[in-house]
Amino acid sequence: MATAPAVDKPRATAPGTPAAPRKKGILSHWRLYAAISPFYLLFLCFGLIPVGFSLYLSFHRWDGLGAMEFAGLSQYKYLIGDSDFWSSIGNTIVIWALATVPMIALAMVTAVMLNSAVRFKNVYRFAYFLPNVTSVVAVAIIFGSVFSTNFGLMNALLQALGLDQVAWLNTPWGIKVAIASLMTWQWTGYNAIIFLAGLQTIPGDLYEAARMDGAGPVQTFFRITLPLMRPVLLFVLVISTVTGLQSFTEPQVLLQTTSNDSTFAGGPDHAGRTMVLYFFQQTFDNNDFGYGAAVAWGIFLVVVLFSIINWRLVQRRDEA
Amino acid sequence: MLSRRGLLRSGLAGTAATALGGLASGCAVPTGSTGRDMVLWYWNGGLSPKAVDAAKARFDSEVSLKALQIGGYYRSKLITTMTGRAHVPDIAGLKGEDMASYLPNSAQFVDLRTLGAEKFKSRYLDWKWQQGVADDGTLIGFPIDIGPVVHFYQPAVFEKAGLPYEPADVSRELGTWEQFFAAGEQLKKRVRGAYLLVDILSVYENSVNQGTKRYVDRDKHFIGDQEHVRTAWDRAVEARRRGLLSSIVNGTPDANAAVEKGQLPSQLGAAWAAGDLKVNVPKTKGKWRVANCPGGPANNGGSFLAVTKACREPERAFEIMTWLLNPANQVQGFVDSGLFPSTPASYDMGQLRAPDAFFGGQITMDVMGPTAERIPVAYNSPYDVALGQPIKDEIKNVGVLGKDPKKAWNEAMSKCRRIADHLGVSV
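Protein chains in written order, with my numbering: chain A, 23 to 342; chain B, 85 to 511.
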């Protein structure tokens, strides 16, 4: 606290006098740094140090309890040739796409409907937001029933339409669709609320002008609403990429069957094994913490790649 | 009155003090328990809560036993505290399926032989005792329960299919896999929509468990490509070829519904699976019987207690442990939590010989007891999980997706060779 008098100095040199060259620049702001320090201290302890340790770990072999053994780049060499890891990236992207495309369309439609004058607007907003705050585990258990083969709601629906039963959780595509629809259900309402906020920033006189020019509701939507919503759309896309690339609980709970089987296997043909699920299996089923860390860094690179793509998309908007 | 600036300053000082205090106390985190506490970690259903309470009362004059039920992924939480060397429990439950991965780290635990464990050895099943011994001879795990695999079946459905339905007859006439499969064909023909087996893993897994070898041997050599695994694989493929497998996903509401309707009248499961039946399909009470598992006895699951190196009073911990797991308390464990005793003396005790209404008044111990004593001893390697999984995954693809068995086997083997090479297991 010896710096305290020093801080008061600049105050003493009353306003108007030219600012003295600040040699103790950083120290003079100690209060501000102290004020933001709790976050950084916590981040250091629970964020940066574990991240750094995982990098260190990825160059070792470790069973989690015994001595660590230096392994050089061998974990990464193994990762590059690991077809299971590559297929888990594929699964993640396919499930993400299956979930995101219908989700954005549905959320947009919902938002437009909510934006038009309806009664009980707040009740609807609350109802649409509810799936997002419900525990994923609970939702996944319910969806397990919905998609079960013989007595599930989904197959009852198909049969009512005169279609054949689908063994949803026992076929590779069925699994992907089931996981994706769970994610769609959970995120549609959340994104609809964000879209709604975006819609409300569009000035009403634009719509008025369009109406005077004789534009119909469909034309108005595609010519005015959609272009002006582009930044919000991109935001939603970024968020859904972030959550989609991390999907873990959904497949894990939906596809866990019996004690005979690994909870992280991802169903037949590993159809539901996402990147994070694969990371868990390698780390906690196989007790291969070194390789698990390498897989985690592989996932990090994939996320970086997607972030760059997203960033480029946003950049292009700014240039336009 | 405090000025705003003063308030801010005192707030900051408080934050800083808290942060510093946190760091300072961080250095003083105790490795193990403190005071007169004796901390015991287990999981829901891992020990009988009544027996734990009784132990608390019994040893209260010497220590205060703090028994904590740890939820979630138990093993990772335990090794996290052990690796972090902070708040390590004195006594720790070790799950059976994780046991192989603790054994190479025997230095983390107290060798129970040094506490006089040998004199309790004769009380426990020998094969179970051996599973708690590390390669260097250290005794780490003290036996809690075991999981003898038996054949649960619904006699009414078996009778309808013209199959034997009295437990003794089922044990005798469906005693081999071949007889069991033939019965499955008959069942399918006579009872519409009924299947003998829920999925392919119930054949494959139990067949492997019936053997004395698994996937990796003591010399760290991969043996999952040998005859014993191949036999289990071929048997599972045969069950699929003969159309004995249902298309139901095990453990789902579908499976429960099918069981209730008598379409899955047979289950090969460990003794603890009886508890699952009672919870999942309570309406089938009285409709079940227990017989021997076709192909011979096998074990699935069962856990241990261990004393960690952080324990300050290993002798006391061992005293509590041996009391908690004595034959009388093991009976309590079976009654409360379905933990099948690892102490043969318990099998003759009154409460275990009580007729079970869920099984139509059958004394299930007549089947389970003799099974428990004849379980083959197999070596469990810490690499078994990693090297067994690709084979299980591929047999599942054969069972569910109808993948060509030859192709599936070859892919499983090439994947195993790659993983073995990565883990330093010789092929």
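From the three backbone atoms N, C-alpha and C, an ideal C-beta is built for every residue, glycine too.
Computed from a predicted model, the values in this text were never measured in an experiment.
| said: With a threshold of 8 angstroms between beta carbons, is N481 (chain B) in contact with chain A? | reply: The sequence position of residue 481 (chain B) within the second sequence is 397, counting from 1. N481 (chain B) counts as touching chain A.
| message | Give me, in chain order, the residues of the same chain whose beta-carbon lies closer than 8 angstroms to that of L256 (chain A); leave out the 5 immediate sequence neighbours on both sides. | response | In the first sequence, residue 256 (chain A) corresponds to position 234, counting from 1. Cβ neighbours of L256 (chain A) beyond the five flanking positions: N332, L335, V336 and R339.
| query | What does a CB cutoff of less than 8 angstroms around I224 (chain B) pick up in its chain, not counting 5 residues either side in sequence? | reply | By one-based count along the second sequence, residue 224 (chain B) stands at place 140. Take I224 (chain B), set aside five residues on each side of it, and the residues of its chain with a beta-carbon closer than 8 angstroms to its own are L178, Y186, L187, S190, F193, D195, L196, G216, V217, A218, F388 and A390, in chain order.
| Is the CB of H348 (chain A) under 8 angstroms away from at least one CB in chain B? | The question about residue 348 (chain A) has no answer here: the residues shown for chain A are numbered 23 through 342.
| said: Considering only the alpha carbon of each residue, which of B:G327, B:I475, B:V343 and B:N376 lies closest to L361 (chain B)? | reply: Numbered from 1 along the second sequence, position 277 holds the residue referred to as residue 361 (chain B). Nearest option by C-alpha distance: B:V343.
| query | What are the residues that DSSP puts in a beta bridge with D440 (chain B)? | reply | One-based indexing of the second sequence puts residue 440 (chain B) at position 356. In DSSP, D440 (chain B) forms a bridge with B:Q446.
| query | Hey, would you say P411 (chain B) sits closer than 8 angstroms to E457 (chain B), going by beta carbons? | reply | Translated into the one-based positions of the second sequence, residue 411 (chain B) becomes position 327. Translated into the one-based positions of the second sequence, residue 457 (chain B) becomes position 373. Contact flag unset, no.
| task | Express the C-alpha separation of Q208 (chain A) and V158 (chain A) in angstroms, rounding to a whole number. | result | Here residue 158 (chain A) corresponds to residue number 136 of the first sequence, with the count starting at 1. Here residue 208 (chain A) corresponds to residue number 186 of the first sequence, with the count starting at 1. About 8 angstroms.
| Which residues DSSP lists as bridging K140 (chain B), in chain order | Start at 1 with the first residue of the second sequence, and residue 140 (chain B) comes out as number 56. Bridge partners of K140 (chain B): none, in fact.
| request: Counting only runs of 3+ residues fully inside the stretch 198-271 of chain A, write out the beta strand (DSSP E) ranges in chain order. | output: none
| Can you tell me whether M183 (chain B) is buried or exposed, with buried defined as 16 or more other CB within 10 angstroms of its CB? | Reading the second sequence from its first residue, position 99 is the one you call residue 183 (chain B). With 16 or more Cβ atoms within 10 Å of its Cβ, M183 (chain B) is classed as buried.
| Of the choices A:G238, A:V168, A:S203 and A:D104, whose alpha-carbon is the least far from that of A119 (chain A)? | Position 97 of the first sequence, counted from the start, is the residue given in the question as residue 119 (chain A). When only C-alpha atoms are compared, the closest one is A:S203.
| Does the beta-carbon distance from L247 (chain B) to I284 (chain B) come in below 8 angstroms? | As a position in the second sequence, residue 247 (chain B) is number 163, starting the count at 1. As a position in the second sequence, residue 284 (chain B) is number 200, starting the count at 1. Not a contact, by the Cβ cut-off of 8 angstroms.
| Where DSSP assigns a beta bridge to S350 (chain B), which residues make up the other side? | The residue given as residue 350 (chain B) occupies position 266 in the second sequence. According to DSSP, which records beta bridges pairwise, S350 (chain B) is partnered with B:Y237.
| said: If the cut-off is 7 angstroms on Cβ atoms, which residues from the stretch 344-359 of chain B count as contacting chain A, listed in chain order? | reply: none
| said: Check whether chain A comes within 8 angstroms of P425 (chain B), counting only Cβ atoms and requiring the distance to be less than that. | reply: Walking along the second sequence from the start, residue 425 (chain B) turns up at place 341. Answer no: the Cβ-Cβ gap between P425 (chain B) and chain A never drops below 8 angstroms.
| request: Consult DSSP for T406 (chain B) and reduce its assignment to one of helix, strand or coil. | output: The residue labelled residue 406 (chain B) in the question sits at position 322 within the second sequence. Helix at T406 (chain B).
| field | Sequence ranges, beta strand (DSSP E) only - wholly within the stretch 122-151 of chain A, length at least 3 | value | none
| message | Run through the DSSP bridge pairs and tell me what A318 (chain A) is partnered with. | response | Position 296 of the first sequence holds residue 318 (chain A). Paired residues: none, contrary to the question.
| request: Pick helix, strand or coil for N293 (chain B), following the three-state DSSP scheme. | output: Translated into the one-based positions of the second sequence, residue 293 (chain B) becomes position 209. Helix, per DSSP.
| message | I want to verify the contact list: residues of chain B whose CB lies under 9 angstroms from the CB of T247 (chain A), in sequence order. | response | The count along the first sequence starts at 1 and reaches residue 247 (chain A) at position 225. Neighbours of T247 (chain A) on chain B: none; closest Cβ ~43 angstroms, over 9 angstroms.
| task | Check whether the Cβ of P290 (chain A) lies closer than 8 angstroms to any Cβ atom in chain B. | result | As a position in the first sequence, residue 290 (chain A) is number 268, starting the count at 1. P290 (chain A) counts as touching chain B.
| query | Considering only C-alpha positions, which residue in the set A:D291, A:M205 and A:P225 is nearest to W195 (chain A)? | reply | On the first sequence, position 173 is the one that residue 195 (chain A) refers to. Nearest C-alpha to W195 (chain A) among A:D291, A:M205 and A:P225: A:D291.
| request: Can you tell me which of A:D307, A:P253 and A:L175 puts its alpha carbon nearest to the alpha carbon of P466 (chain B)? | output: Within the second sequence, residue 466 (chain B) is the residue found at index 382, counting from 1. For the residues A:D307, A:P253 and A:L175, the minimum Cα distance to P466 (chain B) belongs to A:D307.
| Is there a Cβ from chain B that is less than 8 angstroms from the Cβ of Y100 (chain A)? | One-based indexing of the first sequence puts residue 100 (chain A) at position 78. Y100 (chain A) counts as touching chain B.
| query | So, is the C-beta of L485 (chain B) closer than 8 angstroms to a C-beta in chain A? | reply | The residue you call residue 485 (chain B) lines up with position 401 of the second sequence. It does: the Cβ of L485 (chain B) has a partner Cβ on chain A nearer than 8 angstroms.
| field | R326 (chain B) and F242 (chain B) closer than 8 angstroms at C-beta | value | Taking the second sequence and counting its residues from 1, one reaches residue 326 (chain B) at position 242. Taking the second sequence and counting its residues from 1, one reaches residue 242 (chain B) at position 158. No, these two residues do not count as a Cβ contact at 8 angstroms.
| task | Mind checking who Y126 (chain B) pairs with in its DSSP beta bridge? | result | Taking the first residue of the second sequence as 1, we reach residue 126 (chain B) at position 42. In the DSSP output, where bridge partners are listed per residue, Y126 (chain B) has B:Q153.
| query | Would a check of beta-carbon distances place P188 (chain B) closer than 8 angstroms to chain A? | reply | By one-based count along the second sequence, residue 188 (chain B) stands at place 104. Judged by the 8 angstroms Cβ criterion, P188 (chain B) is in contact with chain A.
| When you check each C-beta in the stretch 73-98 of chain A against every C-beta of chain B, which residues fall closer than 7 angstroms? | D85, G86, L87 and G88
| said: To be precise: take each residue of the stretch 154-172 of chain A, compare its Cβ to all Cβ atoms of chain B, and keep it if any distance is under 8 angstroms. Which residues remain? | reply: Residues of the stretch 154-172 of chain A with a Cβ closer than 8 angstroms to any Cβ of chain B, in chain order: G166, S167, S170, T171 and N172.
| Proximal chain A residues relative to I163 (chain B), where beta-carbon distance stays under 7 angstroms | Translated into positions along the second sequence, residue 163 (chain B) becomes position 79. Simply G86 and L87.
| query | Nearest CA to the CA of I224 (chain A): which residue from A:T271, A:T247 and A:A178? | reply | Residue numbering aside, residue 224 (chain A) sits at position 202 when the first sequence is read from its first letter. Looking at the Cα atoms, A:T247 is the closest of the given residues.
| said: If we define contact as Cβ-Cβ less than 8 angstroms, is D310 (chain A) a contact residue for chain B? | reply: Start at 1 with the first residue of the first sequence, and residue 310 (chain A) comes out as number 288. So yes, D310 (chain A) belongs to the interface.
| query | What did DSSP end up calling I230 (chain B) once you bin it into helix, strand or coil? | reply | Position 146 of the second sequence, counting from 1, holds the residue named residue 230 (chain B). Strand at I230 (chain B).
| field | DSSP-derived helix/strand/coil call for A323 (chain B) | value | Position 239 of the second sequence holds residue 323 (chain B). Here A323 (chain B) sits in helix by DSSP.
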